[in-house]
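Since the structure comes first, as structure tokens, the remarks are kept for the end.
Numbering (the numbering used here), first residue to last: 97 to 204.
Right under this line is the structure:
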């Protein structure tokens, strides 16, 4: 379930895992989409708090599974961060408003 309100030049959407601001203007978004490479992993208190579930190192990239309550979010970051992020860590996540895609209509 999402709830939207006008934001500064876009829409702020309340989701079960936190609020996301989008530059898109949608009256009644039913779905919020974010690509894994657009999820920024930041300090715990600088974003929506989450726990690292697992990491997968692929050289140039590090794929990270994050738990936010019952929700699992996938993030892709630079492989150089492999020694900085480990399973069990508490981190924050952020997504720039330009990278939050809102879809309106009935959810599936």
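A virtual CB, placed ideally from N, CA and C, is assigned to each residue, including glycine.
7 Å CB neighbourhood of residue 140 in its chain, flanking five on each side removed:
Taking the first residue of the chain shown as 1, we reach residue 140 at position 44. Excluding sequence neighbours, residue 140 sits near 186, 187, 188.
Spell out a yes or no on whether the stretch 105–113 and the stretch 164–177 are touching, meaning 3 or more CB-CB pairs, one atom from each, closer than 8 Å.
yes
Can you look up residue 204 in the DSSP assignment and give me helix, strand or coil?
Within the chain shown, residue 204 is the residue found at index 108, counting from 1. With a pLDDT of only 48 at residue 204, under the threshold of 50, the placement of this residue in the model should not be trusted; the figure read from the coordinates follows. It is coil, neither helix nor strand.
Residues near residue 178 in its chain [Cβ-Cβ closer than 8 Å; skip 5 each side]:
Numbered from 1 along the chain shown, position 82 holds the residue referred to as residue 178. Excluding sequence neighbours, residue 178 sits near 151, 153, 158.
Could you tell me the distance, in whole angstroms, from the CA atom of residue 184 to the CA atom of residue 107?
In the chain shown, residue 184 corresponds to position 88, counting from 1. In the chain shown, residue 107 corresponds to position 11, counting from 1. Between the C-alpha atoms of residue 184 and residue 107 there is a straight-line separation of about 33 Å.
In this structure, how does DSSP classify residue 185 when only helix, strand and coil are distinguished?
Mapped onto the chain shown, residue 185 falls at position 89. Here residue 185 sits in coil by DSSP.
Close Cβ partners of residue 122 (< 7 Å) along its chain, the five nearest in sequence each way excluded
In the chain shown, the residue the question calls residue 122 occupies position 26. Same-chain partners within the cutoff: 100, 107, 198, 200.
Assigned exposure category for residue 171 - 16 Cβ within 10 Å defines buried
Indexing the chain shown from 1 puts residue 171 at position 75. When all chains shown are included, residue 171 counts as buried.
Following the continuous beta strand (DSSP E) through residue 125, name the residue where it begins and the one where it ends.
Stepping through the chain shown from its first residue, residue 125 is reached at position 29. Start and end: 125–129.
Please report the straight-line C-alpha distance between residue 117 and residue 155, rounded to a whole angstrom.
For the purposes of this step, residue 117 is taken as residue 21 along the chain shown, with counting starting at 1. For the purposes of this step, residue 155 is taken as residue 59 along the chain shown, with counting starting at 1. Distance between the alpha carbons of residue 117 and residue 155: 32 Å.
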